[in-house]
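Chemist: A single structure is presented below for examination.
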Amino acid sequence: MKQQPELRFDNSLLETTIDRAIDFLYSNQLPHGEFATYVTERKVRGITCNFDSCNFSTALIIYALSFLRETPKIEKMRLEGLNFLLSNMLRPGIWYYYSSVNPFLHTLFLPPDIDTTSCISFVLKKYGIVVNNKKLLLANRNQDGLISTLIAPRFSMLFTHTGYWLKYRLTTPPYSQWWKKFPPVSNEVDLGASANLVLYLGEIEETNKVIDYLIDVTLKGKEIESDKRYLSIFTHYYFLSRAYFNGVKRLEVLEETIISNSEQKFEQEGFDNSLDTALVACTFLNFGQITPTLEKAIGFLLANQGNDGSWAISPFYFDSPKRISWYGSAELTTGICIEALVRYQQAICFSGLGED
């Protein structure tokens with residue numbers, strides 16, 4: 452039986468904290484609808500931090516805001532964020548990590564990817580905007596039935612998605628050069644991207660092997676070594692539990708392992724930063740777990756909100772296991788914190804724990 456501790460935070464404190472966080476996001480959303488991401492890099496002369504325009508973070512924040520009741524501020528942020536994402540969509544319904552305003556998009560020639568495309572497609576679907584990209588994503592499967600993270604112009608697409616195949620294999624030489632230079636990378640499978648793929652496509656026959664993979668890796672405790680960019684176990688738990696919460700019920704088998712590992716890690720190491728704490732809180736809420744660990748996580752978030760209504764920037768993902776560069780923003784951390792606090796508030800009210 453799930454534990455239901457006594458409520459320790461009054462509703463007015465939660466409301467005030469959430470309102471201040473909303474005001475921060477509202478004030479910091481960029482004119483073209485994006486929520487900023489920054490890349491922090493270790494260099495010979497020190498550490499640098501620069502704006503790195505991308506599509507990914509905005510999709511995560513719009514998802515987090517979906518748990519809030521609709522207000523003029525929320526509606527404005529949502530509409531502008533969705534318009535930004537739609538403006539960056541490529542035919543036939545796929546996305547690059549980088550946005551169209553990022554100069555790296557035109558110099559690095561990084562291909563579109565499953566992770567960004569799945570997160571954006573899912574949040575668009577939540578608001579009734581359907582993107583016809585399922586067949587293309589599934590065409591990116593390897594011989595084991597798993598989905599490669601980067602959307603490569605594979606031979607199997609030649610007859611099913613001829614336009615895409617021709618564009619990226621024949622008429623765009625830089626991409627052909629990229630595939631030749633990094634052939635192993637073009638076929639890599641990542642845990643986080645796979646979790647977000649099943650979040651979007653759901654529990655269907657074509658994703659069964661992907662779900663098997665997610666379960667196997669997590670039960671064996673190999674999450675970090677199964678991903679090149681998400682190097683925090685809490686990020687993986689957030690993505691896995693988010694997929695479960697949104698209908699991928701086969702992942703319920705991971706609940707006990709994820710909750711136990713999270714509680715043990717916090718018991719041993721304590722709460723370190725607001726982002727990981729919020730990710731854990733959301734994970735517990737995705738599984739419907741209202742526990743003392745969740746209460747402590749919420750208390751940590753309430754105590755660590757900045758004067759401007761934000762929570763501090765922390766690494767959400769990295770460039771590689773070498774961790775030379777990491778990506779995040781106060782906006783992204785704050786979005787995840789809002790999701791945690793709002794859903795905690797809703798869970799308490801629904802369970803009646805907040806009543807006198």
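Residue numbering for the sequence shown follows our numbering, beginning at 452 and increasing consecutively.
The beta-carbon is built from N, C-alpha and C at its ideal position, and this holds for glycine as well.
1) For L530 and L783, which I take to be in contact (beta-carbon distance under 8 Å), what is that distance rounded to the nearest angstrom?
2) Decide if L702 is buried, meaning its Cβ has at least 16 other Cβ atoms within 10 Å, or exposed.
3) Figure out for me which residue from T658, N758, E466, N506 has the closest Cα to the Cα of F475.
4) Taking G779 as the reference, which of E790, I789, W762 has the closest Cα?
5) Among L575, Q480, Y548, which residue has its Cα nearest to the Cα of L537?
6) Under the assumption that E706 contacts F738 (Cβ atoms under 8 Å), give the Cβ distance between them as a whole number of angstroms.
7) To which residues of the same chain is Y768 closer than 6 Å at the C-beta, ignoring the five residues directly before and after it?
8) Grab me the residues of P624's own chain with a C-beta within less than 7 Å of its C-beta, minus the 5 sequence neighbours each way, in chain order.
9) Please look up how many angstroms separate the CB atoms of F486 and G544, rounded, as I've assumed it's under 8 Å.
10) Roughly how many angstroms separate the alpha carbons of T468 and F518, rounded to a whole number?
11) Tell whether a beta-carbon distance below 8 Å holds between V640 and L648.
12) Just mark D723 as buried or exposed, buried being the case when its beta carbon has 16 or more other beta carbons within 10 Å.
13) Assuming the contact rule is C-beta atoms closer than 8 Å, N501 and Y514 should be a hit. Round their C-beta distance to whole Å, please.
14) Assuming S776 is part of the alpha helix (DSSP H), what are its boundary residues?
15) Mind checking G760: buried by the 16 CB within 10 Å criterion, or exposed?
16) Can you give the Cα-Cα distance for S421 and T669, rounded to whole angstroms?
17) Would you kindly report the start and end of the unbroken beta strand (DSSP E) that includes T491?
18) Which complete alpha helix (DSSP H) runs does the region 663 to 749 hold, if anything under 4 residues is left out?
19) Could you pull out every residue in the same chain whose Cβ sits closer than 8 Å to the Cβ of I808, ignoring the five residues on either side in sequence?
20) By the DSSP assignment, the alpha helix (DSSP H) with N462 in it spans what residues?
21) What first and last residue would you give for the beta strand (DSSP E) that runs through N501?
22) Which ranges does the alpha helix (DSSP H) cover as unbroken runs of at least 4 residues, wholly within the region 550 to 587, from first to last along the chain?
23) Name the two residues that bound the continuous alpha helix (DSSP H) containing F767.
24) Which one of R493, L464, E466 has the shortest CA to CA distance from S776?
25) Tell me, to the nearest whole angstrom, how far the beta carbon of E654 is from that of V704; I am working on the premise that it is less than 8 Å.
26) In chain order, what residues of the same chain lie with their CB nearer than 7 Å to the CB of T600, ignoring the 5 residues before and after it?
27) Cα separation between A603 and N591?
28) Assuming S504 contacts S550 under a Cβ cut-off of 8 Å, what Cβ separation, rounded to an integer in Å, is found between them?
Modeler: If we stick to the structure as given:
1) Not a contact, Cβ separation roughly 20 Å.
2) buried
3) N758
4) W762
5) L575
6) 5 Å
7) R680, Y681, Y778
8) Confidence at P624 is low in this model, with a pLDDT of 49, below 50, so its placement is unreliable and no value can be given for it.
9) Their Cβ separation, rounded to whole angstroms, is 22 Å, which puts F486 and G544 out of contact at 8 Å.
10) 15 Å
11) no
12) exposed
13) So it is not a contact: roughly 25 Å between Cβ atoms.
14) Unbroken run through S776 is the beta strand (DSSP E), 776 to 779; no alpha helix (DSSP H).
15) buried
16) An answer regarding residue 421 cannot be provided, because it is not within the stretch 452 to 807 covered by the chain.
17) 489 to 494
18) 684 to 696, 706 to 720, 725 to 737
19) Nothing in the structure corresponds to residue 808, since the chain is present only between 452 and 807.
20) 462 to 479
21) 497 to 502
22) 565 to 577
23) No alpha helix (DSSP H) contains F767, which DSSP labels as neither H nor E.
24) R493
25) About 13 Å separates the two Cβ atoms, so there is no contact after all.
26) D564, I565, D566, E639, V640, D641, A644
27) 7 Å
28) 4 Å
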